[in-house]
Structure formats: structure tokens, C-alpha cells
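Asker: Take this note's numbering: the last position of the sequence shown gets the number 184, and nothing is skipped along the way.
The beta-carbon is built from N, C-alpha and C at its ideal position, and this holds for glycine as well.
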Amino acid sequence: MLIDGQLIDSPFSEVTTGEIGVTLMNKTISQGGTLKFIVNGEVWSDLKALVGDDLTVETILDPGYRVYEWVVNGVTLNHRNSTLLLENIRSNMSISADFVLIGDLNGDYQVTATDLATMRRFLAGLDNISQKGRVGGDIDNNGTVSTTDLVRLRRRLAGLE
Numbered sequence: 024m025l026i027d028g029q030l031i032d033s034p035f036s037e038v039t040t041g042e043i044g045v046t047l048m049n050k051t052i053s054q055g056g057t058l059k060f061i062v063n064g065e066v067w068s069d070l071k072a073l074v075g076d077d078l079t080v081e082t083i084l085d086p087g088y089r090v091y092e093w094v095v096n097g098v099t100l101n102h103r104n105s106t107l108l109l110e111n112i113r114s115n116m117s118i119s120a121d122f123v124l125i126g127d128l129n130g131d132y133q134v135t136a137t138d139l140a141t142m143r144r145f146l147a148g149l150d151n152i153s154q155k156g157r158v159g160g161d162i163d164n165n166g167t168v169s170t171t172d173l174v175r176l177r178r179r180l181a182g183l184e
């Protein structure tokens with residue numbers, strides 16, 4: 024199966040005959056958004072597709088959230104875009120997305136002074152934060168947690184952003 028142009032092994036056995044349906048299982052791992060399925064260009068509500076169809080999964084993000092990770096058939100993808108393209112689907116699929124609240128470093132789905140203190144300690148080299156916390160702490164979404172993110176988080180907590 025091709026996912027965003029990369030070949031990924033599926034733990035499900037492949038279906039090789041033409042008009043057999045494929046069931047898509049949808050779940051979100053955390054709060055922060057929902058998933059919308061588009062099969063061959065049409066929004067699909069019954070989560071059924073045919074073998075060989077192309078599938079686009081779009082996130083509908085709640086304000087202040089971004090995608091942390093996608094999981095397809097138990098495989099975590101290094102992919103944080105809000106849209107996932109699955110080409111030529113061949114078998115049943117389980118698709119899930121995990122979201123992170125921008126500014127949330129400790130995973131409590133709130134942005135508080137605790138997150139600010141955690142970021143300060145992380146930048147000073149006194150504490151470590153989880154990978155999900157780093158994605159949440161990367162306020163400007165440039166791939167790293169920096170003093171720029173610290174300033175923006177401080178301004179956000181002060182109500183200036």
C-alpha cells in the first residue's frame with residue numbers, strides 16, 4: 024500500500040479481487056479534532072471503499088490544535104500534516120490521529136503557567152519533555168522549541184496573543 028508516496032507494509036492480508044469492499048476504521052486518540060474521509064474525490068460517510076480506491080483523510084482541527092501523529096494499521100507515521108493520502112488501498116484499514124494543543128508541554132490539554140515553567144527549564148537544560156510536549160511547545164511550528172516559543176507562550180498566557 025502507498026501512503027503519501029511511500030510503500031508501507033500492512034498487517035492485514037491483502038485482498039486481490041476487484042469489487043470487494045474495504046472497511047475503514049476511524050478513531051481519534053485524543054481531543055483536538057476529527058477525521059473526514061474522502062474516497063476518489065467524494066466525502067464518504069459510511070467508511071466503506073473498494074479495493075484499489077484512493078483515500079484522502081483530512082483532519083478537522085479544533086482551534087489551537089495541530090496533528091501530532093497518524094497511525095495506520097498500527098504503524099506510526101512520521102507525518103504531521105493535516106491531510107493523509109492513501110493510494111490504491113488493498114485491505115481493511117485502521118486509521119487514527121493524535122492531536123496536540125499548541126502550547127501544552129505536559130499533556131494535560133491546557134496551556135498554563137506550568138507549561139511556561141516547563142519550557143523555561145527545558146531551554147535551560149534542566150528538564151526534558153516528551154516528543155509530544157516538544158511538538159506542543161513548538162509554538163511557531165519551525166521544528167524546534169526555542170526562546171522565540173517561550174516569548175510567544177508568555178505573551179499568550181498574558182492575553183497579548
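Across the stretch 145-152 and the stretch 70-90, are there enough close Cβ pairs to call them in contact, namely three or more that are closer than 8 Å?
Answerer: no
Asker: Rounded to a whole number of angstroms, what is the C-alpha to C-alpha distance between residue 123 and residue 162?
Answerer: 11 Å
Asker: By DSSP's criteria, residue 95 is part of a beta bridge. Which residues make up the other side?
Answerer: 98, 118
Asker: Would you give the residue range spanned by the alpha helix (DSSP H) that residue 156 belongs to?
Answerer: 154-160
Asker: Helix or strand or just coil, what does DSSP make of residue 72?
Answerer: strand
Asker: State buried or exposed for residue 176, treating a residue as buried only when at least 16 other CB atoms are found within 10 Å of its CB.
Answerer: buried
Asker: Which residues does DSSP pair with residue 80 in a beta bridge?
Answerer: 60, 107
Asker: Tell me which same chain residues have a C-beta within less than 8 Å of the C-beta of residue 99, skipping the five on either side of it?
Answerer: 92, 93
Asker: Kindly confirm or deny that the stretch 112-123 and the stretch 73-82 touch, where touching means at least three C-beta pairs closer than 8 Å.
Answerer: yes
Asker: How is the alpha helix (DSSP H) around residue 176 delimited, first residue to last?
Answerer: 170-180
Asker: For residue 44, does the three-state DSSP call read helix, strand or coil?
Answerer: Residue placement at residue 44 cannot be trusted, given a pLDDT of 49 that sits under 50; what the coordinates show is reported in the next sentence. In the structure shown, residue 44 sits in a strand (DSSP, three-state: E or B).
Asker: Per the DSSP calculation, residue 65 is bridged to which residue(s)?
Answerer: Its beta-bridge partners are 62.
Asker: So for residue 139, helix, strand or coil by DSSP?
Answerer: Under the three-state reduction of DSSP output, residue 139 falls in the helix class.
Asker: Exposed or buried, what is residue 66 when buried is set at 16 or more other beta-carbons lying within 10 Å of its beta-carbon?
Answerer: Residue 66 comes out exposed.
Asker: Can you say whether residue 141 is buried or exposed, counting buried as having 16 or more other CB atoms within 10 angstroms of its CB?
Answerer: buried
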